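The next block holds one structure in the form of structure tokens; read it before the comments.
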Amino acid sequence: MQGHYNYVFDNITDTYNFTTRNDILYRVAFVVDETFSSISGEEIPNIYQLVVEKANDETEPLDSRVSATIENIIERFFNDERNALIYICSDTDNKANLRNKVFNRWYQKSKYKDVIFKIEKALPIKSPGFPEQQIYTSFMFHKQNPNYKKLKEIYNKIDDVLNNDK
Amino acid sequence: MSNKKEINRDVIIKSFTKMVSDKESVRAYIKGETTLKAITKKGIKLARPL
């Protein structure tokens, strides 16, 4: 298997960037996420939302080095055991379920699944003025995370409130 | 349903709606459709955790 692409943090865009052999630029952003703090009412740091996107709309031929690169980024991210990652697939283009399956498949193949815990839930979100949409969420954290129990408890509570308390 | 639970439900929906909105804003930013300044104004913070 080929290795990952080299990537660098761009201080101007605040993203990790890499370019593929097909000259396609990918940017990976970590968005500070305060969802768990808002819901629990206590400050829970080190939670980020992962956003991976091509810088333009060119079609990328299958390239296993792209997923290898993202995997490497995630692996390094979890070198700090306090970090936690949330990945969401919203259904803005009706491809959420497909993206969610791709992400889950990646995790199942990952050699890090023994140390990185992942839970996923499909959450029904109904915002005022908009039809209900299903949001596929994956939440990942290190098994040595000092907030392990608290994170899991909050995440399960979210599911409980949204799915069982309509 | 207790008041506390109603508040929690509202907070959760509001938080997840923001999460989805933040993701779309960041995707637009990466594609050059909006600026870092514009997303920062929305309260979005990009980090360098590696």
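Those protein sequences? They're chains V and F, same order as listed. Count the first sequence with my numbering and you get residues 1 to 166, in order. Count the second sequence with my numbering and you get residues 1001 to 1050, in order. Quick reminder that beta carbons are idealized off the backbone N, C-alpha and C, glycines included. Computed from a predicted model, the values in this text were never measured in an experiment.
Using a Cβ cut-off of 9 Å (strictly closer), state whether residue i contacts chain V.
i              : result
residue 1047/F : yes
residue 1041/F : no
residue 1031/F : yes
residue 1050/F : yes
residue 1005/F : Model confidence at residue 1005/F stands at a pLDDT of 48, short of 50, so the residue's coordinates are unreliable and nothing is read from them.
Is residue i close to chain F? Criterion is C-beta to C-beta, closer than 9 Å.
i            : result
residue 56/V : yes
residue 23/V : no
residue 63/V : no
residue 18/V : no
residue 68/V : no
residue 34/V : yes
residue 71/V : no
residue 81/V : no
residue 2/V  : no
residue 53/V : yes
residue 5/V  : no
residue 15/V : yes
residue 88/V : yes
residue 39/V : yes
Cα-Cα, which of the options is closest to residue i?
i              : options                   : result
residue 47/V   : 54/V, 4/V, 78/V, 11/V     : 78/V
residue 1032/F : 148/V, 43/V, 25/V, 21/V   : 25/V
residue 145/V  : 96/V, 88/V, 81/V          : 81/V
residue 70/V   : 45/V, 147/V, 20/V         : 20/V
residue 1016/F : 141/V, 140/V, 86/V        : 86/V
residue 133/V  : 141/V, 102/V, 97/V, 142/V : 97/V
residue 65/V   : 23/V, 163/V, 116/V        : 23/V
residue 1018/F : 1050/F, 1048/F, 1039/F    : 1039/F
residue 163/V  : 136/V, 147/V, 150/V       : 136/V
Taking 8 Å as the threshold, find out whether the segment 139-156 of chain V comes into contact with the segment 1008-1015 of chain F through three or more Cβ pairs. no
Can we say the segment 110-129 of chain V touches the segment 15-32 of chain V, given the rule of at least three CB pairs closer than 8 Å? no
Between the segment 1009-1028 of chain F and chain V, which residues of the former have a C-beta closer than 8 Å to a C-beta of the latter? 1009, 1011, 1012, 1013, 1014, 1015, 1016, 1017, 1018, 1019, 1020, 1022, 1023, 1024, 1026, 1027
Could you run through the segment 131-165 of chain V and flag, in chain order, every residue whose CB is less than 9 Å away from some CB of chain F? 133, 135, 137, 157, 158, 161, 162, 165
How do the segment 1023-1034 of chain F and the segment 45-61 of chain V stand: do at least 3 beta-carbon pairs fall below 8 Å, yes or no? yes
Quick one, which residues of the segment 94-124 of chain V are near chain F if we go by CB-CB under 8 Å, in chain order? 123
At least 3 beta-carbon pairs within less than 8 Å: the segment 57-64 of chain V vs the segment 109-117 of chain V: no
Every unbroken beta strand (DSSP E) inside the segment 9-85 of chain V [3 residues or more]: 15-19, 25-32, 47-54
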